[in-house]
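Heads up: the structure comes next, in structure tokens.
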Amino acid sequence: MMPAATNFTQNNTQGDCPSRESGYNYLDILGILEIVVSMPLNGFILLFIVGSPRLRKQHNVFTFNMALIDFVTAPNAILIIVLGQSSILYKICNTIWSSCSVISSLNILLVAVYRFVTVHVDPFGVKILVTTPRCIFACALAWIRRVLNSTWGSSAVSSTFNILLVAVYRFVTVRVDPFGVRNLVTTPRCISACVLTWFVGSFVYIGIVVKDAISWILLFILVVFVLTGICYVLLYRGVTRSRSLRRGVDADEHRLKENRRLLRTFVAIYVTYVSCWIPGFAFAISRLDNDMFEEISILSIAVSLITNPVIFWVRSNDFKAEVKRCIFRNDVVPVMY
């Protein structure tokens with residue numbers, strides 16, 4: 004997800020972008036093309052998950068939420084590029100765009116927390132910590148909370164929390180309770196975690212951003228990114244160790260193989276997400292009044308609108324199996340996670 008152009012320059016005395024009356028440059032056109040391409044990619048994911056009972060599973064709740072966020076963001080992003088800042092519609096789209104950026108980041112963190120609990124904390128689901136209603140409730144609350152607070156500062160804080168939640172989820176489900184015996188991860192708890200990240204983001208914003216301590220907010224974001232990375236490293240080590248200890252057992256081998264595949268998928272999403280935001284953070288830190296730098300930073304973040312669905316299309320075995328089943332009308336059984 005990407006923030007609106009004004010997010011990085013809203014504190015500048017001369018932060019208004021050049022008028023669109025002078026025409027669009029190649030960066031504007033490239034940005035629109037990126038967004039247009041992302042719409043069918045995310046749209047197909049939404050349609051397949053909603054229309055296929057085989058894909059309506061607990062672990063696809065966050066996937067659906069991520070695709071929905073990107074799909075909603077796309078038309079607003081196009082309007083932001085096309086409209087001038089003086090337009091009322093521009094301000095509305097800017098608010099929606101910023102809100103989706105935060106929710107998307109929170110969703111990534113939720114995925115990490117979900118995987119952490121289901122693989123490491125409670126792999127067998129004995130404690131029933133994670134349930135589908137709880138996951139859905141968490142995603143819904145993330146949307147509701149963001150509607151109540153659309154400032155960019157709170158968005159940045161909440162986004163980093165979401166990434167951390169994804170890492171924690173993976174850590175719990177892979178390392179702490181890989182078989183789910185402790186029931187540490189449940190859908191309601193995932194939803195509660197989502198809600199908590201929204202409120203924590205708001206409190207951090209009130210306590211830090213309102214005081215114009217930009218360096219503190221950037222430091223906080225960096226710390227969350229580092230913690231998320233550490234969480235994924237621990238998860239990977241836990242999966243590797245479990246594979247060496249349980250080699251020879253077919254059931255365990257299959258489960259460990261799928262856990263490693265899922266871990267690589269979410270790590271890929273995490274890495275691409277952070278990479279897409281690096282130019283934006285660099286622009287915010289430098290505080291340069293450079294239109295080219297600003298547009299490049301926004302374009303780099305726009306790439307995540309495409310990378311998220313592409314990674315899911317390539318890495319999700321059950322999704323690919325369902326697509327083949329619909330195309331060739333056969334009974335391909337998707338891989339169970």
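For the sequence shown, the numbering used here puts the final residue at 340, and the numbers step up evenly by one.
The beta carbon of each residue, even a glycine, is placed where N, CA and C say it ideally should be.
As the structure is a prediction and not an experimental result, all values here were calculated from the model.
The residues SER300 and ILE304, in chain order, have a CB closer than 6 Å to that of GLY283 in the same chain once the five nearest residues on each side in sequence are set aside. Remark: C-beta atoms of HIS62 and THR134 do not approach each other more closely than 9 Å.
Of all C-beta pairs linking the region 50-61 to the region 274-294, fewer than three are shorter than 8 Å, placing the two stretches out of contact. A straight line joining the alpha-carbon of VAL236 with that of ASN262 spans about 14 Å. A Cβ-Cβ separation of about 23 Å leaves LYS260 out of contact with LEU187 under the 8 Å criterion. By the Cβ test, the region 270-278 is not in contact with the region 184-199, since fewer than three Cβ pairs between them sit closer than 8 Å.
In the three-state reduction of the DSSP assignment, ASN110 falls in the helix class. In this chain, the alpha helix (DSSP H) harbouring ASN320 covers 320-331. For SER300, the enclosing alpha helix (DSSP H) has its first and last residue at 294-305.
Looking only at VAL313, PHE65 and ALA70, the smallest Cα-Cα distance to LEU168 is reached by PHE65. Scanning LEU266, TYR239 and ILE38 for the CA closest to the CA of ALA77 turns up ILE38. As the crow flies, the alpha-carbon of PRO56 is around 13 Å from that of ALA324. The three-state secondary structure of THR189, taken from DSSP, is coil.
ASN293 counts as exposed, since fewer than 16 other C-beta atoms from the protein chains shown sit within 10 angstroms of its C-beta. Per the coordinates, the alpha-carbon of ARG267 lies some 31 Å from the alpha-carbon of ILE81. Residue state for LYS260 is assigned as helix, using DSSP reduced to three classes. Cβ-Cβ separation between CYS138 and ILE194: approximately 6 Å, consistent with a contact (criterion under 8 Å). Residue state for LEU132 is assigned as coil, using DSSP reduced to three classes. The C-alpha of GLY128 is placed about 23 Å away from the C-alpha of ASN68. With a cutoff of 9 Å on beta-carbon distance, ALA141 and THR231 are scored as not near each other.
Going by C-alpha positions, PHE296 is about 44 Å away from PRO181. The three-state reading of DSSP puts LEU291 in coil, since its state is none of H, G, I, E or B. Minimum Cα-Cα distance from ILE106 among the listed residues VAL85, PHE164 and PHE119 corresponds to PHE164. Taken through DSSP and simplified to helix, strand or coil, PRO78 comes out as helix. When the alpha-carbon of GLY34 is set against those of TYR172, ASN110 and LEU302, the nearest one is in LEU302. Assigned with DSSP and collapsed to three states, VAL184 falls in coil, not helix or strand.
The beta-carbon distance between ILE166 and PHE228, rounded to whole angstroms, is 7 Å. This is short enough to meet the 8 Å contact definition. Of the candidates ALA70, PRO43, MET42 and TYR239, the residue whose Cα lies closest to the Cα of ILE111 is ALA70.
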